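Visitor: This is the structure, below, for whatever I ask next.
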């Protein structure tokens, strides 16, 4: 295992330290728990947004803590849900009197722990709501999930719910717009190579030299199938056929598009994929309103990518366009 | 070779197409050459900034074209200098009447071709100056270079010279501040794994399972030596010893810091490296004014990273803090 680490057991702790060194004006850490919150938390009169999940998906989620997006990110061990205790501390730290929305990716452990924390906070009299993101159309259930998995599309939920909360909206309104995003959000990914969880020390699965996995999850969970490597155009078409048919996205729809690298795929290749996605969408007369190409939700050093489409209306466009200032997502 | 591409011969062309699909409000492409310029080019009354180099270093350099940074990026084939013709077209396209500054990374081919283009543009009566970035302290000469190589520190030259040009400064003033950055800029990198140029189809070098290369260049050019893998703390100390001693950076200096991923190294590991760099600097009483952690100048899917320090004064701090709005570098 070739990794830029000191000790496999200390990666999350040391990563958080490095994160705080990098962004002292944006972030602070809560005492005794791996929870990162806005420097200014709690923001009075604003609904607090809490997300998080296993580590290994950086910049998700700590990179999205800041103005216009999240208030707190709970960092679990690599590919492991944060504990109820962590999440409970996060909720308390960011409640500015208007309640807290939990944005949960749909994994069994995450949902269980976030909901347990919600109950704990409610016993303290804090208003807490939750939304569960399940944008991955690849498989209906998976290794760690009942129902569909939550993957990179979650970043659009952070962005849009974050903008709504920043406007001073009430908890119910923020939840409602987050639900609207989730309802109109579809993603799917694939991988060329696996990744290695530091504490495991070896790849979580193997792929032959000419083999790819379609529909893989962000923890390397199996997708729909494996096949021989093929061109970017063919790979994109396979993912897009499934994504577009699912909602479905229709003629003249306007969408936000994310082409998300899983870790080791060069940006140049993500742009080639973006070309193919755009040409595919032109063929369907689906209009791209705004595009995001880069590493938004990774899977350590996995090589591969995912595509996310979000169907937009005027409200979602305005919230997507609102300014944001976080370590990993800035918009002027 | 497992890559998200269609045809190894078409990667740059298709990447540019994908780039333009992603950032239609930021960028436009010149006819018949792989040159990307600001949508608003030329900007009247502003010195034009032109950079570029081989492709494969994304987001460098096209990702830095926009307000507060570059006016044009010339995209060569992968790891190959752009042609004089390309650069000449870029200069003509961004000259807003105040002249053009070329920001060249020190590689023999790049320097030759940028200088040839400079002469061509001067014959047209355009005022052109140049600066050559040579921040890499690893080796004095290398495979493609007389003198030191230009690597990730180049992004600080783009940022600071870009901010100066945006203020309406004259060509000589922009050149002068770029020279000041270069004089105070030092970088060094290392690699865990090689990368594969698409047209070559196989890795440009090999490293054993437990072997790393110290001082490697961004095209996989040999560094100072190979050694057995060691901890992040030890790797950082080895790079920092050489960087800090070189300028030298001294007690009570203020610096900008960049921890730059070369392609496949997870952001979590870059943050661990950032922790080590900061702790090293605390030990030397060198103060970090601002930190950048991420993929700023890559080497396709190489695993590894580089560290850059820039010694700051009040002028450089103000220019570094100025707002910027480009596809890959945004600052509010």
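Protein chains in written order, with full-length UniProt numbering: chain A, 1 to 332; chain B, 1 to 332. The C-beta atom is built at its ideal place from N, Cα and C for all residues, glycine as well. Since the structure is predicted, the reported quantities are computational estimates derived from the model, not experimental observations.
So, residue 91 of chain A versus residue 131 of chain A, is the Cβ gap smaller than 9 angstroms?
Guide: For residue 91 of chain A and residue 131 of chain A, no; Cβs fall outside 9 angstroms.
Visitor: Using a beta-carbon distance below 9 angstroms, is residue 36 of chain B in contact with chain A?
Guide: No - not a single Cβ of chain A is within 9 angstroms of the one on residue 36 of chain B.
Visitor: Answer yes if the stretch 321 to 328 of chain B comes into contact with the stretch 65 to 77 of chain B, meaning at least three C-beta pairs across the two stretches below 8 angstroms, and no otherwise.
Guide: Contact between the stretch 65 to 77 of chain B and the stretch 321 to 328 of chain B is present, because at least three Cβ pairs lie under 8 angstroms.
Visitor: Put residue 190 of chain B into one of helix, strand or coil per three-state DSSP.
Guide: It is a strand residue.
Visitor: Could you name the residues of the stretch 268 to 288 of chain B whose beta carbon sits closer than 7 angstroms to any beta carbon of chain A, in the order they occur along the chain?
Guide: Result list: 268, 269, 271, 272, 273, 274, 275, 278.
Visitor: Within the continuous beta strand (DSSP E) that includes residue 72 of chain B, where are the two ends?
Guide: First-last of the beta strand (DSSP E) with residue 72 of chain B: 72 to 78.
Visitor: Quick check: what's the CA-CA separation for residue 155 of chain B versus residue 331 of chain B?
Guide: Each residue's alpha carbon lies about 14 angstroms from the other.
Visitor: According to DSSP, simplified to helix, strand and coil, what is residue 144 of chain B?
Guide: The answer is coil: DSSP assigns residue 144 of chain B none of H, G, I, E or B.
Visitor: Going by DSSP in three states, residue 158 of chain B sits in which element: helix, strand or coil?
Guide: Residue 158 of chain B falls in the helix class under three-state DSSP.
Visitor: Chain A beta carbons: is any one of them nearer than 9 angstroms to that of residue 235 of chain B?
Guide: Chain A contact via Cβ: present.
Visitor: Whose C-alpha, out of A:8, A:81, A:55, is nearest the C-alpha of residue 115 of chain A?
Guide: The residue with the shortest Cα to Cα distance from residue 115 of chain A is A:81.
Visitor: Output the distance between the C-alpha atoms of residue 99 of chain A and residue 109 of chain A, rounded to the nearest integer angstrom.
Guide: Straight-line Cα distance between these residues: approximately 23 angstroms.
Visitor: Could you name the residues of the same chain whose beta carbon sits closer than 6 angstroms to that of residue 221 of chain A, not counting the 5 residues immediately before and after it, in chain order?
Guide: Result list for residue 221 of chain A: 142, 143, in chain order.
Visitor: May I ask you to list, following chain order, the residues of the stretch 58 to 76 of chain A that have a beta carbon less than 7 angstroms from some beta carbon of chain B?
Guide: Per Cβ criterion, the list reads 58, 59.
Visitor: Beta strand (DSSP E) containing residue 305 of chain A: first to last residue?
Guide: Unbroken beta strand (DSSP E) run through residue 305 of chain A: 303 to 311.
Visitor: For chain B, find out if any of its Cβ atoms is closer than 9 angstroms to the Cβ of residue 4 of chain A; answer yes or no.
Guide: At least one chain B Cβ lies under 9 angstroms of residue 4 of chain A.
Visitor: Considering only the beta carbon of each residue, do residue 36 of chain B and residue 75 of chain B sit closer than 9 angstroms?
Guide: Cβ distance < 9 angstroms, so residue 36 of chain B and residue 75 of chain B count as in contact.
Visitor: Looking at the C-beta of residue 14 of chain B, does it have a partner C-beta in chain A at a distance below 9 angstroms?
Guide: Chain A, which has a Cβ nearer than 9 angstroms to the Cβ of residue 14 of chain B, makes this yes.
Visitor: Distance cutoff 9 angstroms, beta carbons only. Does residue 159 of chain A sit that close to anything in chain B?
Guide: Residue 159 of chain A does not count as touching chain B.
Visitor: Terminal residues of the continuous alpha helix (DSSP H) containing residue 323 of chain A?
Guide: Note, residue 323 of chain A: premise wrong, no alpha helix (DSSP H); not H, not E.
Visitor: Compute the Euclidean distance between the alpha carbons of residue 34 of chain A and residue 149 of chain A, then round it to the nearest angstrom.
Guide: So the alpha carbons of these two residues sit roughly 24 angstroms apart.
Visitor: My guess is that residue 290 of chain A and residue 318 of chain A are in contact by the Cβ rule of under 8 angstroms, so how many angstroms apart are they, rounded?
Guide: Not really, about 12 angstroms apart at Cβ, beyond 8 angstroms.
Visitor: Judging by CA-CA distance, which residue of B:320, B:164, B:284, B:71 is the nearest neighbour of residue 241 of chain B?
Guide: Taking only the C-alpha atoms, the option nearest residue 241 of chain B is B:284.
Visitor: Short of 7 angstroms in beta carbon distance, which residues of its chain neighbour residue 83 of chain A, apart from the five on each side in sequence? Order them along the chain.
Guide: Contacts found: 113.
Visitor: Checking 9 angstroms against the spacing of the C-beta atoms, do residue 282 of chain A and residue 259 of chain A come in under that value?
Guide: Against a cut-off of 9 angstroms, the Cβ pair of residue 259 of chain A and residue 282 of chain A comes out as no contact.
Visitor: How long is the line joining the alpha carbons of residue 298 of chain B and residue 194 of chain B, rounded to whole angstroms?
Guide: Spanning the two alpha carbons is a distance of roughly 12 angstroms.
Visitor: Answer with yes or no whether the minimum CB distance from residue 162 of chain B to chain A is below 9 angstroms.
Guide: It does not: the Cβ of residue 162 of chain B has no partner Cβ on chain A nearer than 9 angstroms.
Visitor: For residue 124 of chain B, is the classification buried or exposed, using 16 other Cβ atoms within 10 angstroms of its Cβ as the cut-off for buried?
Guide: Exposed, by the Cβ-count rule.
Visitor: Which value, in whole angstroms, describes the spacing of the CA atoms of residue 308 of chain A and residue 136 of chain A?
Guide: Going by the C-alpha atoms only, they are around 9 angstroms apart.
Visitor: Which residue wins for smallest C-alpha separation from residue 224 of chain B, given the options B:213, B:218, B:19, B:263?
Guide: With distances taken between Cα atoms, residue 224 of chain B lies closest to B:213.
Visitor: Could you tell me whether the stretch 10 to 24 of chain A touches the stretch 45 to 65 of chain A, using the rule of 3 or more Cβ pairs below 8 angstroms?
Guide: Verdict: yes, contact present.
Visitor: For the structure I just gave you, are there three or more beta carbon pairs, one from the stretch 156 to 166 of chain B and one from the stretch 49 to 60 of chain B, closer than 8 angstroms?
Guide: Judged by Cβ distances under 8 angstroms, the stretch 156 to 166 of chain B makes contact with the stretch 49 to 60 of chain B, as three or more pairs qualify.
Visitor: Between which two residues does the beta strand (DSSP E) harbouring residue 53 of chain A extend?
Guide: Element bounds for residue 53 of chain A: 48 to 55.
Visitor: Please list the terminal residues of the continuous alpha helix (DSSP H) segment that includes residue 294 of chain A.
Guide: Careful: residue 294 of chain A lies outside any alpha helix (DSSP H), inside the beta strand (DSSP E) at 287 to 294.
Visitor: If we ignore side chains and look at the alpha-carbon of each, how far apart do residue 159 of chain B and residue 122 of chain A end up?
Guide: Their backbone Cα atoms lie some 47 angstroms apart in a straight line.
Visitor: Going straight from the alpha carbon of residue 199 of chain B to that of residue 89 of chain A, what length do you get?
Guide: Approximately 52 angstroms, taken between the alpha carbons.
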